[in-house]
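Which chain is which? The protein sequence lines are A and B, in order. Note that the first sequence covers residues 1 to 414 in the working numbering. Note that the second sequence covers residues 1001 to 1414 in the working numbering. Even for Gly, the Cβ is constructed at its ideal location relative to N, Cα and C. What follows is one structure encoded as structure tokens, with my remarks underneath.
Number of protein chains: 2
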Amino acid sequence: MNAEIIAVGSEMLTAGRLDTNSLFITDHLNSFGIEVTAKHVIGDDRARLVMAIQRALGDADLVILSGGLGPTEDDLTRDAVAQAVGCSMSADAGILDAIEQRFRTMNRQMPEINKRQAMVLDGAEILSNDRGTAPGQWRAAGNKFVVMLPGPPSELKSMFRRECLPRLAKIAPPTAIHTEVLRVTGISESYLDQTIAPIYVGRENLETTVLAHDGDLQVRFRAQCATAEAASKLSREMADLAAAALGDHVYSRDESTLETVIGRHLLAAKATLAVAESVTGGGLAARITNVPGSSAYFAGGYVTYSKRMKTEALSVPAALLAEYGAVSPETAKAMAEGARTAAHTDWAISLTGNAGPSTDGDEAKVGTVYIGVAGPDGTEVTHRVWPVGDRDRVRSFAAQAALDLLNRRLRARA
Amino acid sequence: MNAEIIAVGSEMLTAGRLDTNSLFITDHLNSFGIEVTAKHVIGDDRARLVMAIQRALGDADLVILSGGLGPTEDDLTRDAVAQAVGCSMSADAGILDAIEQRFRTMNRQMPEINKRQAMVLDGAEILSNDRGTAPGQWRAAGNKFVVMLPGPPSELKSMFRRECLPRLAKIAPPTAIHTEVLRVTGISESYLDQTIAPIYVGRENLETTVLAHDGDLQVRFRAQCATAEAASKLSREMADLAAAALGDHVYSRDESTLETVIGRHLLAAKATLAVAESVTGGGLAARITNVPGSSAYFAGGYVTYSKRMKTEALSVPAALLAEYGAVSPETAKAMAEGARTAAHTDWAISLTGNAGPSTDGDEAKVGTVYIGVAGPDGTEVTHRVWPVGDRDRVRSFAAQAALDLLNRRLRARA
């Protein structure tokens, strides 16, 4: 069973508005095993809206519209659905009473135009609105269904929970869904896909998606089967095979972020952490302190943008900076060890590099980053190069790579 | 002239993802007087995608697709557009070289599947990608146009600005548009709208939008007129009136960010800056170092998460911490002055507070932040409280407020 969602309203096509109702609706439809195969946003244009509804009813078993149920001329959803399914409408006395009553409680008289909101498609079931004036409607169209919901999220959500969930339970196919997630880093999206494609390609009842963001990857295996046991078994089996193929690039199987996983390792080892960064300018510390409770293991960080601060805060010898430059493996090592000493921690990460757009003087080429990890068992320095062009991207990738290196060290000792 | 936008990818149909690229695209299309009449999200399903492209080309003059240009089997946009417009594809040697080169700079070999990204529709113009491997494509289809862009926002935006804007300028109808932008902080979105609504409501040929993000507000006055002079005059007049009404809450009129404006003040005064932060955990330094060239005035930062590090790195007396606690005006003052001394800078900002979710021991209540600004003319401490609940939001608002306070001090001396 599949569904399409149509958000109605010209304001939803402006540069400042997104249709967030569809996320709420999608979440609930998925829980019934109903797949959303397309979403649309259509302006207040009758011909386009009728066409969109007819096409959606051609392509999907269930069409859910949000918005366009207000009292004004612009509110075309009722008319357009009636035209699309070829039925007439009539005023419902009960709804009219309820709207009039709502205005009376606010000591106002119902404006004439609100009568439009009492028009109901012949054959439709009325979905009550406990947060506003516009009722929703649920109507069968052949062996398919079309549902009209109000646009304001608070009205839509309340109506959906009370009126639509029970109706969906009756029409949805008996099915169960289970999703397993692997979080992965240290490889490219295409390498990841190439590695796991032989595992998932052609598998029935399985949807595999890969999300990538600045070096952080997520693989989701979503199984949809007749029973909960079968869905759980299939998605676990896929995740186990993929995890084996990806090896130590997998850093979590419970959706935890890399910084959360690091926090758990540090807490378990009763160990502490400090950072010293230049190229990421505070972004590495910000990632680590994203985790609530990180103050239990994170002592702090040094954002050493100037050479003088590298020397004074981290005791990086001025002679070393002069000889090798700020962007060098020698400086990365001295920064990590300096931060570990100054902050009295068990571990320290350092990052030095150039994110661009330009290089100055003795600096290495843009995109070059050195990462140091100092710990109880010594200091390691890693060199990475990212393609030039996007300062933000180099900074994000560098922070991700530094966390990955620390996590590998912590995991090796766990 | 009208356009439809299609976001491609099954992941864009999940309950956690929204197509934000369309907002950026809409904003630019509108600036050319091109109206967006529908938006669609279609999964990785070839038949549905071909159908959606054909329908969009039937209904609109311009069809813009985002996503589905990656190297995997799932990436169907190239194939689907070729099928929809009825043309063949061939591998482009130049693109292939560029992708191979990109992998070589990262010391990796190009996986075989990346060759798919070099397939170009016959008759299409190639849109270069300076942030990733997938090039875009621009192709005429009769008297209409279809454009393929990559899904990752950073790649899409850069490509759109460099490659699509000049092409849109050639095909867009002759109309003149001028947009004036005010960047504003220190007030709420509703207070801002209440203040400027009397200025813009009911004005013809004018579109006013307000964007808000964690305390940073943008007001855009977009005038669309028959001549460039008229558009420029109308939007400037509106921006001048609004700027007068908003007073010193306006921090820039050229779209510069707050951190960029601060950088300009510091460069002009040949002054330097350091930061000391706990609650924002590096986020304040990351904002400041977002600005290319910030190393000219930013010495560095101290992320002092532990009390010991506050004492050792910033010379905050242990007795003061014991008496007043880490989240106190006294500590904020000592941190700002300590950072200014340790980093040998003219200015220093400090931030101490609790972003939640819980308080420990002597900490003040969640959402409370103290901000210190130390400069040549003394130190000021400001107390702010944000509603509890969202750790990330408190951290973002706190960094924004700290930059606002520094900017006001710098502006007063300019």
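- Item | Nearest-angstrom Cα separation, counted from E312 of chain A out to E1180 of chain B | On the second sequence, residue 1180 of chain B is found 180 positions in, with the first residue counted as 1. On the first sequence, residue 312 of chain A is found 312 positions in, with the first residue counted as 1. Distance between the alpha carbons of E1180 of chain B and E312 of chain A: 45 Å.
- Message: Please tell me whether D415 of chain A has its Cβ less than 7 Å away from any Cβ of chain B.
- Response: A question about residue 415 of chain A goes unanswered here, because the residues of chain A that appear run from 1 up to 414.
- Query: Are any of the Cβ atoms in chain B nearer than 7 Å to that of V8 of chain A?
  - Reply: For the purposes of this step, residue 8 of chain A is taken as the residue at position 8 of the first sequence. Taking Cβ atoms only, chain B never reaches closer than 7 Å to V8 of chain A, which makes this a no.
- Ends of the alpha helix (DSSP H) at Y1191 of chain B? Position 191 of the second sequence, counting from 1, holds the residue named residue 1191 of chain B. 1189-1200 is the span of the alpha helix (DSSP H), which, as asked, contains Y1191 of chain B.
- So T1105 of chain B is in the alpha helix (DSSP H); what residue range does that whole segment cover? Along the second sequence, read from residue 1 onward, the residue named residue 1105 of chain B stands at position 105. If you look at T1105 of chain B, you'll find it in the alpha helix (DSSP H) that goes 1093-1105.
- Item | the region 1006-1016 of chain B / the region 22-40 of chain A touching (three or more Cβ pairs under 8 Å) | Because the criterion of three Cβ pairs below 8 Å is met, the region 1006-1016 of chain B and the region 22-40 of chain A touch.
- Query: chain A partners of N1030 of chain B, CB-CB under 9 Å?
  - Reply: Here residue 1030 of chain B refers to the residue found at position 30 of the second sequence. Counting only Cβ-Cβ distances below 9 Å, N1030 of chain B has contacts in chain A at T14, A15, in chain order.
- Alpha-carbon to alpha-carbon, L405 of chain A and D1362 of chain B: What you label residue 1362 of chain B is simply residue 362 of the second sequence in a count that begins at 1. What you label residue 405 of chain A is simply residue 405 of the first sequence in a count that begins at 1. Model confidence at D1362 of chain B stands at a pLDDT of 47, short of 50, so the residue's coordinates are unreliable; what they give is reported in the following sentence. Roughly 35 Å between the two C-alpha positions.
- Check the Cβ of N1114 of chain B against every Cβ in chain A and list those closer than 8 Å, keeping chain order. For this step, residue 1114 of chain B is matched to residue 114 along the second sequence. Chain A residues near N1114 of chain B: S190.
- Pull up the CB-CB distance for A1003 of chain B and I1034 of chain B, whole angstroms please, since I reckon it's below 8 Å. Within the second sequence, numbered from 1, the residue matching residue 1003 of chain B stands at position 3. Within the second sequence, numbered from 1, the residue matching residue 1034 of chain B stands at position 34. Going by Cβ atoms, the distance from A1003 of chain B to I1034 of chain B rounds to 5 Å, so yes, they are a contact pair.
- Measure from the alpha carbon of C87 of chain A to the alpha carbon of each residue in A:I64, A:I99, A:G123, then state which is nearest. As a working note, residue 87 of chain A is residue 87 in the first sequence. From the listed residues A:I64, A:I99, A:G123, the smallest Cα separation to C87 of chain A is found for A:G123.
- Query: Does the beta-carbon of I113 of chain A have 16 or more other beta-carbons within 10 angstroms, so that it is buried, or is it exposed?
  - Reply: Counting from one through the first sequence, the residue named residue 113 of chain A turns up at place 113. Counting of Cβ neighbours within 10 angstroms places I113 of chain A among the exposed residues, the total staying below 16.
- Query: Considering Q400 of chain A, what are the terminal residues of the alpha helix (DSSP H) in which it resides?
  - Reply: Translated into the one-based positions of the first sequence, residue 400 of chain A becomes position 400. Here the alpha helix (DSSP H) through Q400 of chain A covers 391-413.
- Task: Excluding the 5 residues preceding and the 5 following R1395 of chain B in the sequence, name in chain order all residues of the same chain whose CB lies nearer than 8 Å to its CB.
- Result: As a first step, residue 1395 of chain B must be located in the second sequence, where it is residue number 395. These residues qualify, in order along the chain: V1279, T1280, G1281, G1283, A1355.
- With a Cβ-Cβ cutoff of 7 Å, do G1375 of chain B and V1381 of chain B count as a contact? In the second sequence, counting from the first residue as 1, residue 1375 of chain B sits at position 375. In the second sequence, counting from the first residue as 1, residue 1381 of chain B sits at position 381. Pairing G1375 of chain B with V1381 of chain B gives a Cβ-Cβ distance that is not under 7 Å.
- Task: Answer with yes or no whether the minimum CB distance from F298 of chain A to chain B is below 7 Å.
- Result: Position 298 of the first sequence, counted from the start, is the residue given in the question as residue 298 of chain A. For F298 of chain A, the nearest CB of chain B lies under 7 Å from its own CB, placing it at the interface with that chain.
- Query: Does the beta carbon of M1309 of chain B come closer than 7 Å to any beta carbon on chain A?
  - Reply: Within the second sequence, numbered from 1, the residue matching residue 1309 of chain B stands at position 309. So yes, M1309 of chain B belongs to the interface.
- Message: Between Y1370 of chain B and chain A, is the shortest Cβ-Cβ distance under 7 Å, so that the two count as touching?
- Response: In the second sequence, counting from the first residue as 1, residue 1370 of chain B sits at position 370. Answer no: the Cβ-Cβ gap between Y1370 of chain B and chain A never drops below 7 Å.
- Residue range of the unbroken beta strand (DSSP E) whose run includes K39 of chain A: As a working mapping, residue 39 of chain A is identified with position 39 in the first sequence. Segment 35-42, the beta strand (DSSP E) holding K39 of chain A.
- Message: Does the structure place the region 62-71 of chain A close enough to the region 134-146 of chain A that three or more beta carbon pairs sit under 8 Å?
- Response: With a cut-off of 8 Å, the region 62-71 of chain A and the region 134-146 of chain A count as touching, because enough Cβ pairs lie within range.
- Under the DSSP definition of a beta bridge, which residues are partnered with E1004 of chain B? Position 4 of the second sequence, counted from the start, is the residue given in the question as residue 1004 of chain B. Under the DSSP definition of a beta bridge, E1004 of chain B partners with B:A1038, B:V1063.
- Message: Taking 7 Å as the threshold (C-beta atoms), are P1111 of chain B and Q194 of chain A in contact?
- Response: Here residue 194 of chain A corresponds to residue number 194 of the first sequence, with the count starting at 1. Here residue 1111 of chain B corresponds to residue number 111 of the second sequence, with the count starting at 1. Q194 of chain A places its beta carbon less than 7 Å from that of P1111 of chain B.
- Query: Helix, strand or coil for L49 of chain A per DSSP?
  - Reply: Residue 49 of chain A sits at position 49 when you count from the first residue of the first sequence. Of the three classes helix, strand and coil, the one that applies to L49 of chain A here is helix, per DSSP.
- Query: D1390 of chain B versus chain A: which residues are under 8 Å apart at the beta carbon?
  - Reply: By one-based count along the second sequence, residue 1390 of chain B stands at place 390. Residues of chain A whose Cβ lies closer than 8 Å to the Cβ of D1390 of chain B do not exist, since the nearest Cβ in that chain is about 11 Å away.
- alpha helix (DSSP H) containing R287 of chain A: first to last residue? Counted from its first residue, the first sequence places residue 287 of chain A at position 287. Unbroken alpha helix (DSSP H) run through R287 of chain A: 283-288.
- Item | For P135 of chain A and K170 of chain A, the rounded distance between their alpha carbons | Position 170 of the first sequence, counted from the first residue, corresponds to residue 170 of chain A. Position 135 of the first sequence, counted from the first residue, corresponds to residue 135 of chain A. Each residue's CA atom was taken as its position, placing K170 of chain A and P135 of chain A some 21 Å apart.
- Go ahead and label H1344 of chain B buried or exposed: buried means 16 or more other beta carbons lie within 10 angstroms of its beta carbon, across all protein chains shown. Counting from 1 along the second sequence, the entry for residue 1344 of chain B is found at position 344. H1344 of chain B should be labelled exposed.
- So who's on the other strand from Q1224 of chain B, going by DSSP bridges? Taking the first residue of the second sequence as 1, we reach residue 1224 of chain B at position 224. DSSP output for Q1224 of chain B lists B:I1177 as bridge partner(s).
- Query: For A1276 of chain B versus A1212 of chain B, is the C-beta distance shorter than 7 Å?
  - Reply: By 1-based counting over the second sequence, the position of residue 1276 of chain B is 276. By 1-based counting over the second sequence, the position of residue 1212 of chain B is 212. No, these two residues do not count as a Cβ contact at 7 Å.
- Message: Can you confirm whether T382 of chain A, when its beta carbon is compared against all beta carbons of chain B, has any partner nearer than 7 Å?
- Response: As a position in the first sequence, residue 382 of chain A is number 382, starting the count at 1. So no, T382 of chain A is outside the interface.
- Task: State yes or no: is the beta carbon of R1131 of chain B nearer than 7 Å to at least one beta carbon in chain A?
- Result: Translated into positions along the second sequence, residue 1131 of chain B becomes position 131. Yes, contact with chain A.
- Message: Considering only the alpha carbon of each residue, which of B:I1006, B:L1023, B:G1353 lies closest to Q943 of chain B?
- Response: Summary: the structure shown does not reach residue 943 of chain B, with chain B confined to residues 1001 through 1414, and so no result is reported for it.
- Query: Ends of the alpha helix (DSSP H) at L1351 of chain B?
  - Reply: The sequence position of residue 1351 of chain B within the second sequence is 351, counting from 1. In the DSSP assignment, L1351 of chain B falls outside any alpha helix (DSSP H) and within the unbroken beta strand (DSSP E) covering 1347-1353.
- Among B:T1272, B:F1298, B:I1349, which one has its Cα closest to the Cα of T1304 of chain B? On the second sequence, position 304 is the one that residue 1304 of chain B refers to. Closest by alpha carbon: B:I1349.
- So which of B:V1219, B:T1341, B:G1067, B:D1045 has the shortest CA-CA distance to E1189 of chain B? For the purposes of this step, residue 1189 of chain B is identified with residue 189 of the second sequence, where counting begins at 1. By alpha-carbon distance to E1189 of chain B, the top candidate from B:V1219, B:T1341, B:G1067, B:D1045 is B:V1219.
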